[in-house]
Amino acid sequence: TRTITTTIALETSKGEFELALALGIVLIFISFTVNTLLHIGVKSHG
3 TRTITTTIAL ETSKGEFELA LALGIVLIFI SFTVNTLLHI GVKSHG
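According to the numbering used here, the residues represented by the sequence shown are 3 to 48, in order.
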């Protein structure tokens with residue numbers, strides 16, 4: 003199965019830097035969103 007990180011590596015190796023960068027930005031956005039939601043959840047129960 004291809005995950006977003008392996009897709010970034012594959013596209014970079016093919017020279018598709020714009021797509022790899024866009025996927026990296028999406029991955030960072032997903033990370034921040036999950037982190038924020040978890041932080042809010044822990045804060046409300048703490």
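Even for Gly, the Cβ is constructed at its ideal location relative to N, Cα and C.
9 Å Cβ cutoff met for residue i and residue j
i, j, result
"I6", "L23", "no"
Cα-Cα separation, residue i to residue j
i, j, result
"T3", "I42", "32 Å"
"I27", "L21", "10 Å"
"N37", "F31", "10 Å"
"L29", "E18", "17 Å"
"T35", "S46", "17 Å"
"T8", "V44", "31 Å"
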